[in-house]
Structures are given as structure tokens and as C-alpha cells.
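Protein chains in written order, with my numbering: chain Z, 1 to 138; chain L, 139 to 501.
Report on the following structure.
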Amino acid sequence: MLKKIAMLSLLRSPKTAIQHLLIGDWLTIIFSTILVIYLFQTLWSHQQATKVQIRLGDKVYATYSLNLQQTIHVHGPIGDAEIHIAQGKVRFAKSPCHNQYCVHQGWLTHAGQAAICLPNQISLELIGEEKPYDSLNY
Amino acid sequence: MRKGPTTLLFAAILAIGIFSIRAFNKEPLYHSQSYVFGTLVDISIYGETDERAKLLANHVFQDFQHLHDQLHAWKPITDSHPSELGILNNAFAQGKQPVTISSQLANMLTDTTQLSVKSQGLFNPAIGHLISTWGFQRDEFSAVNIDAEKIKSLVKANPRMTDIVIQNNTAYSSNPDVKLDLGGYAKGYALDMAADYLRKQQVKNALINIGGNIIAIGQHGAKPWRVGIQHPRKPAAIATLDLNDGWAIGTSGDYQRYFTLNGKRYCHIIDPNTGYPVQHTQAVTVLIPPQTNAGVLSDVASKPIFIAAAENKSKAASIFGIQYFMVIDQQSNIFVTKALAQKLNWVDPDVKKDSHVKLITLP
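Following this line, the structure appears as C-alpha cells:
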């Protein structure tokens with residue numbers, strides 16, 4: 001009972017709560033914050049996307065550069081999907097599926113982003129890569 | 139309680155260690171892309187703080203946007219912000235009344251006229267009507283109905299840069315069929331403008347890419363900037379080369395702006411003599427050594443080479459003194475000058491396997 005009251009009083013007043021923290025608590029807070037920041041930077045960095053990998057079923061159907069503007073038709077189990085590549089981005093433009101979730105994903109613009117049409121078993125994933133050059137002349 | 143300080147110390151050292159490794163691995167390279175000037179523009183700045191680099195890059199993007207607005211070749215003049223070029227074209231079509239133009243545009247017109255005359259009309263920015271007839275004065279391209287009669291009459295009308303009279307910052311055309319389209323010049327002009335600005339701002343290392351045309355300042359840290367050259371038929375580079383301080387590179391190709399009709403490809407590069415798109419060549423790349431208008435040359439100089447028939451390509455290259463160039467013809471045969479071959483690193487597996495790269499001997 002006393003413990004409950006003590007904990008409730010901590011919640012009500014941040015000032016007293018802080019005063020009650022032990023060195024182990026501080027350690028945990030500091031270290032966790034550092035860890036979160038570090039993970040954020042490493043895992044969530046937006047890498048330059050250069051290509052899109054299209055998968056049909058469990059195989060890689062094709063890989064296309066994002067530099068050339070083009071429309072690609074992929075024939076899946078339930079019908080034809082139309083994929084648009086334009087100016088460094090890609091999207092499902094048309095799909096034979098009922099819910100159109102894949103189309104509603106919109107444009108993929110960064111490496112690691114993906115869109116999937118489950119009923120038609122087609123997926124798009126943007127790939128970034130260590131380029132052997134700084135810029136492309138075309 | 140006594141364990142507390144030791145563990146704290148350990149955790150602090152670990153954290154400092156993690157951050158230090160990350161900080162030392164980051165090179166001072168700022169990279170930014172923007173869709174301006176009707177195309178993808180890519181700026182890399184090395185050796186500046188992120189804040190400064192961002193300011194500089196944004197200034198360059200803004201300059202490009204102004205240039206784009208000023209030189210837009212087909213925005214209707216009824217638009218709320220018509221382009222200066224559009225207004226001029228409209229005046230040309232309507233008669234010989236001189237129209238006031240900015241000194242910047244006047245300089246561009248004088249410059250392009252000189253280049254056009256030098257190329258004996260192979261580089262001809264006055265054929266806007268032909269470009270429009272083929273449907274290339276649009277943001278997207280689709281097959282057009284080919285009106286042979288119309289094309290014939292447009293060719294016969296013979297619009298030329300020399301039809302334009304520029305005096306006291308006014309201009310008029312003696313030929314109403316002149317329609318200016320600076321598509322083959324503007325990107326190069328913008329490259330020179332951006333490079334000049336960055337150098338004046340004491341930037342020592344940068345790489346500017348406007349729709350594929352690239353100019354280099356300084357290096358990428360300890361090594362030169364490296365550029366890839368797009369394979370005309372594959373979404374990959376066919377070769378790479380180092381682009382040293384002040385050098386520029388440009389490629390004219392049939393693989394970005396084109397449509398197919400009845401199995402034939404019609405690209406945006408029109409031969410002013412026939413009125414039809416060039417079909418014998420896939421791509422021409424020119425490499426320009428450091429000079430005042432390296433950017434302009436990297437844009438303009440590839441066109442005459444692209445348009446000229448195979449046996450005349452070397453001559454077309456000599457017009458602008460181009461020593462480093464490559465031609466890929468419609469059969470995918472590759473021809474390179476020895477000077478450029480020495481600089482290229484082939485990365486396409488088919489080219490590496492075959493080695494059927496032919497050397498061009500310059501006249």
C-alpha cells in the first residue's frame with residue numbers, strides 16, 4: 001500500500017521523481033538514449049536509390065535503372081500490372097487487384113522502400129548501391 | 139553503489155567510441171538533387187560544411203530555375219509568367235518589329251549564332267517549329283503522325299540564326315519561321331554559370347550534373363571526380379573516366395527523348411537539312427578540356443557529330459576542335475578517338491569481352 005502511494009506521488013511530481021532516481025537509473029537512461037540515436041542514424045539513413053528490383057513470385061523478374069523514364073508491364077497470376085519509372089522514382093500505376101493497396105503506396109523514392117501487390121505476387125524494391133562513379137553522364 | 143561509477147565510465151567510453159568511429163568515417167561531401175531546369179540536377183560539393191554547401195547548392199538551383207523560366211521553349215505566352223524566349227518567338231512569328239531583350243539573352247543569341255555558323259547549320263537552335271512538329275516540345279513524348287508535307291515546307295523555310303538581327307538589346311527576325319529552342323545549349327550555359335559562381339564563392343571541389351552534362355571543379359578529396367557514361371541501350375554505365383578540374387563532358391543520345399512508331403525509333407535530335415530525326419547514331423560523347431565555355435561546348439559540340447553521316451563525323455568534330463569523343467552507331471559499334479580511349483575504363487561486360495572498340499583517326 002505504502003509502495004503504491006509512493007509510486008503515485010512520483011508520477012504526480014517530476015521534480016521529486018528525478019530526485020528519487022538512483023545512479024543505475026541514470027545510467028540506463030543515458031545509455032538507452034545514446035543507443036537509440038546511434039541505431040536511428042545507422043539503420044534509418046536515406047541512401048540514394050539508383051535501381052528498382054521487380055520480383056514476380058519468388059524470383060527476380062527484372063532490375064531497372066531509375067534514370068530512364070519508362071513504363072513496364074508485368075503479368076502476374078491475376079493479371080497485368082503497369083509500373084511507372086520516372087525521374088528517380090517508381091510506382092504501381094495500374095493493378096488488377098481488388099484493393100489497390102499497391103497503387104495507393106504511391107511513388108517510391110528512397111533506397112530500401114518497397115511496394116507489394118500480394119494478390120498478384122509482384123513487389124518493387126528500390127536499391128541503392130556503392131557506385132563506381134560519382135555521377136552519371138547521359 | 140561502488141559499482142555505479144565504474145559502469146557509468148564504461149558506458150561513457152563505449153558511447154564516445156561509437157560516435158568517434160562514425161564521425162571519422164564521414165567525409166565532407168555534400169550531395170543534393172533537384173528537379174529544376176526541366177531535368178534532374180545533381181550537385182556534389184566537397185570540403186565545405188553542410189550548412190554552407192546547402193546554401194551554395196540552393197543558390198545554384200535557384201539560378202537554374204530562373205534560367206529555365208527565361209528560356210522555356212514552349213510554355214504558352216498566355217501563361218501568367220511567359221518566358222522571355224517565348225515572347226521573342228511570338229514576336230518573330232508576327233513580323234519584323236524589334237523587341238527589347240535582356241543583355242543576357244542578347245549575349246546568348248550572339249553566342250549561339252556564332253556556334254551555328256561555325257557548324258554550318260548542323261547546330262541550329264532556330265528550328266523550333268520542326269522540333270515541335272515531331273512532338274518534342276512537350277514534357278512527355280508519344281508517337282506523332284508524321285506529316286511529310288509539313289516537314290518539307292518547314293525545311294524549305296530554312297530558319298537560321300543569321301535571320302535574327304540583334305541591335306542595342308533588341309531583336310527581330312527577317313524570317314517568320316524562326317523559332318528559338320535553346321535545348322542544345324542551355325544546359326551547357328548553365329554549367330558554366332554554376333561553375334563560375336561556385337569558384338567565385340571560393341569552392342575548391344564540386345561536381346555539377348545537369349541532365350547528364352557534367353562539369354568538374356577540383357577533386358573528390360584525394361582522388362579525381364569519377365563519372366560514368368550511360369550505355370545507350372542498358373540501364374548501366376558503359377565506361378567510367380576521371381573528370382579533372384575544369385573538364386566537362388556531354389552526351390547526345392537517342393535513348394532519353396524519343397518515341398517508337400512502327401518499330402522505328404524517332405529521337406529528339408533533328409537533322410536541320412532533312413527535317414527528320416537522326417536514326418544512324420545511338421550516342422555521341424564529347425570530353426572538353428578546361429576553358430571558359432567548357433560547359434557550352436560539352437552541350438553544343440556533340441550535336442554536329444551526332445547528326446553528321448558516319449564518314450563526316452570526324453570533320454564535324456574538328457569544327458569545334460574536339461579531340462576527345464566517342465560515337466556509338468545504331469548497330470552498337472563503338473568508335474573512340476585514341477586520346478579518349480586512353481582515359482576510358484570500360485565497365486560493360488559485353489564491351490570488355492569483345493573489345494570491338496574501333497579507334498578513330500583524327501584528320
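Don't be surprised by glycine CBs; every beta carbon is placed ideally from N, CA and C.
Would you call the CB atoms of Z/VAL60 and Z/VAL90 closer than 8 Å?
Position 60 of the first sequence, counted from the start, is the residue given in the question as residue 60 of chain Z. Position 90 of the first sequence, counted from the start, is the residue given in the question as residue 90 of chain Z. Not in contact: Z/VAL60 and Z/VAL90 (Cβ atoms no closer than 8 Å).
Quick check on DSSP: helix, strand or coil for L/LEU268?
Counting from one through the second sequence, the residue named residue 268 of chain L turns up at place 130. Looking at L/LEU268 - three-state DSSP - the assignment turns out to be helix.
At a Cβ cut of 7 Å, what residues of the region 460-491 of chain L count as close to chain Z, listed as they run along the chain?
VAL485
For Z/SER65, which residues from the same chain have a beta carbon less than 6 Å from its beta carbon, with the 5 sequence-adjacent residues on both sides left out?
Here residue 65 of chain Z corresponds to residue number 65 of the first sequence, with the count starting at 1. LYS51.
Proximity of L/TYR414 and L/ILE407 at Cβ, strictly below 8 Å:
Residue mapping note: residue 414 of chain L aligns to position 276 of the second sequence, counting from 1. Residue mapping note: residue 407 of chain L aligns to position 269 of the second sequence, counting from 1. Taking 8 Å as the Cβ cut-off, L/TYR414 and L/ILE407 do not qualify as a contacting pair.
Tell me, please, whether the region 308-320 of chain L touches the region 212-230 of chain L by the rule of three or more beta-carbon pairs shorter than 8 Å.
yes
Should L/ASP391 go down as buried or exposed, given a rule of 16 or more other Cβ atoms within 10 Å for buried?
For the purposes of this step, residue 391 of chain L is taken as the residue at position 253 of the second sequence. Sequence inspection shows Gly at residue 391 of chain L; the Asp mentioned does not correspond to that position. Its Cβ being crowded by 16 or more others within 10 Å, L/GLY391 is buried.
Work out the CA separation of Z/SER13 and Z/ILE5 for me, nearest whole Å.
Counted from its first residue, the first sequence places residue 5 of chain Z at position 5. Counted from its first residue, the first sequence places residue 13 of chain Z at position 13. Computed Cα separation, rounded: 13 Å.
Could you give the DSSP three-state label for L/LEU381: helix, strand or coil?
Taking the second sequence and counting its residues from 1, the one referred to as residue 381 of chain L is at position 243. Correct three-state label for L/LEU381: strand.
Taking just the CA atoms, how far does L/VAL416 sit from L/TRP272?
Residue 272 of chain L sits at position 134 when you count from the first residue of the second sequence. Residue 416 of chain L sits at position 278 when you count from the first residue of the second sequence. Roughly 12 Å between the two C-alpha positions.
What residues from the region 64-89 of chain Z come within 8 Å of chain B, judged by C-beta to C-beta, listed N to C?
Absent from the structure: chain B. Protein chains present are Z and L.
Run through DSSP, which three-state label would L/PRO415 get?
Taking the second sequence and counting its residues from 1, one reaches residue 415 of chain L at position 277. In the structure shown, L/PRO415 sits in a strand (DSSP, three-state: E or B).
Residue environment, L/ASP188, which counts as buried when at least 16 other CB atoms sit within 10 Å:
Taking the first residue of the second sequence as 1, we reach residue 188 of chain L at position 50. Answer is exposed; the Cβ neighbour count stays below 16.
Below 7 Å CB to CB, which residues in the same chain sit around L/SER241 once its five sequence neighbours on both sides are set aside?
Along the second sequence, one-based indexing puts residue 241 of chain L at 103. These residues qualify, in order along the chain: ASN307.
Which of the three DSSP states, helix, strand or coil, is assigned to L/LEU228?
Within the second sequence, the letter at position 90 stands for residue 228 of chain L. Looking at the sequence provided, one finds Asn at residue 228 of chain L rather than Leu. Here L/ASN228 sits in helix by DSSP.
Determine, using beta carbons only, whether L/ARG364 comes closer than 8 Å to chain Z.
What you label residue 364 of chain L is simply residue 226 of the second sequence in a count that begins at 1. Cβ-Cβ to chain Z under 8 Å: yes for L/ARG364.
Compute the distance between the beta-carbons of L/ILE460 and L/ILE466, then report whether it is under 8 Å.
For the purposes of this step, residue 460 of chain L is identified with residue 322 of the second sequence, where counting begins at 1. For the purposes of this step, residue 466 of chain L is identified with residue 328 of the second sequence, where counting begins at 1. Their beta carbons are not under 8 Å apart, which means L/ILE460 does not touch L/ILE466 by this criterion.
If we call anything under 8 Å between Cβ atoms a contact, is L/ILE265 one with L/PRO214?
In the second sequence, the residue the question calls residue 265 of chain L occupies position 127. In the second sequence, the residue the question calls residue 214 of chain L occupies position 76. Not in contact: L/ILE265 and L/PRO214 (Cβ atoms no closer than 8 Å).
Closest by CA to L/ILE498, which one among L/LEU320, L/ALA191, L/MET464 and L/ILE269?
Position 360 of the second sequence, counted from the first residue, corresponds to residue 498 of chain L. If we check each option's Cα against that of L/ILE498, L/MET464 comes out closest.
For the 8 Å Cβ check, are there 3 or more pairs between the region 432-450 of chain L and the region 379-386 of chain L?
yes
Taking L/SER270 as the reference, which of L/LEU318, L/LEU399, L/LEU194 and L/ILE376 has the closest Cα?
Here residue 270 of chain L refers to the residue found at position 132 of the second sequence. Here the closest residue by C-alpha is L/LEU318.
Can you grab the Cα-Cα spacing for the pair Z/VAL103 / Z/ALA93, in whole Å?
Against the first sequence, residue 103 of chain Z aligns to sequence position 103. Against the first sequence, residue 93 of chain Z aligns to sequence position 93. Near 6 Å, if we compare the C-alpha coordinates of Z/ALA93 and Z/VAL103.
Would you call the region 99-113 of chain Z and the region 192-202 of chain L touching, i.e. three or more CB-CB distances under 8 Å?
no
Min CB distance L/ILE373 to chain Z below 8 Å
Here residue 373 of chain L corresponds to residue number 235 of the second sequence, with the count starting at 1. Per the sequence presented here, residue 373 of chain L reads as Pro, with Ile not at that position. Closer than 8 Å: yes.
Per DSSP, what are the beta-bridge partners of Z/ASN67 in this structure?
Numbered from its first residue, the first sequence carries residue 67 of chain Z at position 67. BP columns for Z/ASN67 are empty, so no partner.
Going by DSSP in three states, Z/CYS102 sits in which element: helix, strand or coil?
Residue mapping note: residue 102 of chain Z aligns to position 102 of the first sequence, counting from 1. Correct three-state label for Z/CYS102: helix.
Helix, strand or coil at Z/TYR61 [DSSP, three-state]
Position 61 of the first sequence, counting from 1, holds the residue named residue 61 of chain Z. Correct three-state label for Z/TYR61: strand.
Between L/HIS267 and L/ILE289, what straight-line distance do the alpha-carbon atoms span, to the nearest angstrom?
Position 129 of the second sequence, counted from the start, is the residue given in the question as residue 267 of chain L. Position 151 of the second sequence, counted from the start, is the residue given in the question as residue 289 of chain L. Whole-angstrom Cα-Cα distance: 9 Å.
Quick check: L/ASP277 and Z/SER135, are their CB atoms within less than 8 Å of each other?
Within the second sequence, the letter at position 139 stands for residue 277 of chain L. Within the first sequence, the letter at position 135 stands for residue 135 of chain Z. Contact flag unset, no.
Helix, strand or coil: how does DSSP classify L/ALA153 here?
Here residue 153 of chain L refers to the residue found at position 15 of the second sequence. Reduced to three states, the DSSP call for L/ALA153 is helix.
Tell me the start and end of each unbroken alpha helix (DSSP H) in the region 185-211 of chain L that is at least 4 residues and wholly inside, in chain order.
188-209
By the three-class DSSP mapping on this structure, what secondary structure does L/ARG276 have?
Position 138 of the second sequence holds residue 276 of chain L. Coil.
Distance, L/THR398 Cα to L/ALA281 Cα
Position 143 of the second sequence, counted from the start, is the residue given in the question as residue 281 of chain L. Position 260 of the second sequence, counted from the start, is the residue given in the question as residue 398 of chain L. Spanning the two alpha carbons is a distance of roughly 6 Å.
Reduced DSSP category for L/ILE239 - H, G, I as helix; E, B as strand; rest coil:
Numbered from its first residue, the second sequence carries residue 239 of chain L at position 101. Of the three classes helix, strand and coil, the one that applies to L/ILE239 here is coil, per DSSP.
Can you check whether the C-beta of Z/PRO14 is within less than 8 Å of a C-beta belonging to chain L?
Here the question's residue 14 of chain Z lines up with position 14 in the first sequence. By this cut-off, Z/PRO14 is not an interface position.
Inspect the beta-carbon positions of L/LYS325 and L/ILE348 and report whether they are closer than 8 Å.
Here residue 325 of chain L refers to the residue found at position 187 when the second sequence is read from its first residue. Here residue 348 of chain L refers to the residue found at position 210 when the second sequence is read from its first residue. It is a contact, given that the beta carbons lie within the stated cut-off.
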